[in-house]
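Visitor:
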Amino acid sequence: MDISQLNILACPKCKIPTQLIDGEYLFCTCCKEKFVVTNNIPVFITLSNSATPKKSEMDDLIQYHLDELKIAQDSNDPRNIMPIFKKNHMTILDIGCGVGQTLYASEIYNDPQKQLLGLDIYLDLLIYGENQYPNIKFINASSENLPLQSEKVDLIISRVSLPYTNIPQTIKEISRVLKADGEIWITLHSFNVELKHLLNSCKHFVWKDMIFRTYVLLNGLYFHFFGKLFRFPFKKKIESFQSPKAMTRLLEKNGFTDITIKQGKHFLITAKKINGITPA
Ligand SMILES: C[S@@+](CC[C@H](N)C(=O)[O-])C[C@H]1O[C@@H](n2cnc3c(N)ncnc32)[C@H](O)[C@@H]1O
Ligand SMILES: [Zn+2]
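In the numbering used here, the protein residues as written are 19 to 298.
1) Given 7 Å as the limit, tell me if Lys-8 has its C-beta closer than that to any heavy atom belonging to ligand 2.
2) Rounding to the nearest angstrom, what Cα-Cα distance links Leu-173 and Tyr-127 in this structure?
3) Enumerate in chain order the residues of its own chain whose CB-to-CB distance from Ala-123 is below 8 Å, with the five nearest sequence positions on each side excluded.
4) Cβ of Ser-161 versus every heavy atom of ligand 1: is any distance shorter than 7 Å?
5) Between which two residues does the alpha helix (DSSP H) containing Ala-69 stretch?
6) With DSSP run on the structure shown, which of helix, strand or coil describes Phe-209?
7) What first and last residue would you give for the beta strand (DSSP E) that runs through Tyr-43?
8) Indicate whether Asp-112 and Thr-120 have their beta-carbon atoms separated by less than 8 Å.
9) Helix, strand or coil: how does DSSP classify Thr-278 here?
10) At a cut-off of 7 Å, is Ile-145 close to ligand 1 when judged by its beta-carbon and the heavy atoms of the ligand?
11) In chain order, what residues place their C-beta within less than 7 Å of a heavy atom belonging to ligand 2?
12) Can we count Gly-282 as close to ligand 1, meaning its CB is less than 7 Å from some heavy atom?
13) Under the rule that 16 or more other beta-carbon atoms within 10 Å means buried, what is Ala-264, buried or exposed?
14) Look up Trp-203 in the DSSP assignment and give the residues it is bridged to.
15) Just the C-alpha distance for Leu-269 and Leu-137, rounded to the nearest angstrom, thanks.
16) CB-CB under 6 Å to Thr-232, same chain, minus the five flanking residues each way: which ones, in chain order?
17) What are the boundary residues of the beta strand (DSSP E) that Lys-263 is part of?
18) Whole angstroms are fine: how far does the CA of Asn-94 sit from the CA of Ser-161?
19) Determine the contact status of Leu-38 and Ile-21, defining contact as a CB-CB distance below 8 Å.
20) For the beta strand (DSSP E) containing Ile-113, list its first residue and its last residue.
21) Alpha carbons only, please: which of Phe-53, Trp-225, Ile-277 and Lys-197 is nearest the one belonging to Asn-106?
22) Taking all protein chains shown into account, do 16 or more other C-beta atoms lie within 10 angstroms of the C-beta of Gln-260, making it buried, or fewer, making it exposed?
23) May I have the straight-line CA-CA distance separating Lys-280 from Thr-47, to the nearest angstrom?
24) Using 8 Å as the threshold, is the C-beta distance between Gly-116 and Leu-143 below it?
25) Does the beta carbon of Cys-220 fall short of 7 Å from some heavy atom of ligand 1?
26) Please classify Cys-29 as buried or exposed, where buried requires at least 16 neighbouring CB atoms within 10 angstroms.
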């Protein structure tokens, strides 16, 4: 898809529509910021050097996402979980899409009626996806500052990506860009999953990981009791587990209804945005 066809983009800061200049970059008339378009992908985020994976790490990441694609394509794999797409879901956004594996593996991938958007913070993953899966329009941005105009999306899916974001800010943005009656389908990390990670690093005495996993658990508890998250002090990373109580409270605050929570093999939440409520 040509970038000029993507007319729902907005400045991630000002939230007003961006203008495509000379087919080369996007421009915000409010803050005057220019956003480059590279490999047909609009870039709305600049990661610091320390937050950018090295070449070998990126190769491993791409391989990880290709393995996840195999899981998404194999309905007999116990790790497989796929969103339910409805007829009225026309514009669909995958937050933390990796290379675009979930949308590519879905039954709607070849439906020309649907607008499929994949968003991730790592540009190299998106470039890989752009080369392989042309029916998805990739956007390089962060979930905490979505570069989309308000009330444009019918369905937002996110498979185990929100645990790595500032969830209150992400949910606020999700609610903003969803149309009235728009829906979410998100999978998360439970307390038990994170506890297992911590116990595993204790067993192998990987002390750096023990510290980080302890932070993740404490952050999840902070989220559960106070509805807030804090970043890992040294690396500025953010991660947490999510409790049903914290998520329900947050979704209700951001105008969601019909909240369903399933906790089994997967921790899945679905919900619908109430008509007419869009957080400021
Ligand atoms: C565990 S992977 C899940 C990938 C894919 N959804 C799947 O189910 O296979 C988490 C993804 O979230 C992305 N991610 C992390 N923080 C993000 C943020 N703030 N905004 C958007 N994506 C983010 C990562 O780059 C990574 O691709
Ligand atoms: Zn702006």
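Quick reminder that beta carbons are idealized off the backbone N, C-alpha and C, glycines included.
Guide: According to the data block:
1) Outside the shown range of the chain (19 to 298) lies residue 8, about which nothing can therefore be said.
2) 14 Å
3) Leu-87, Ala-90, Gln-91 and Met-100
4) yes
5) Element bounds for Ala-69: n/a, residue is neither H nor E.
6) helix
7) 43-45
8) yes
9) strand
10) no
11) Cys-29, Lys-31, Cys-32, Ile-34, Cys-46, Cys-48, Cys-49 and Glu-51
12) no
13) buried
14) Ile-175 and Thr-288
15) 21 Å
16) none
17) First-last for Lys-263: 262-271, but that is the alpha helix (DSSP H), not the beta strand (DSSP E).
18) 30 Å
19) yes
20) 109-113
21) Lys-197
22) buried
23) 44 Å
24) yes
25) no
26) buried
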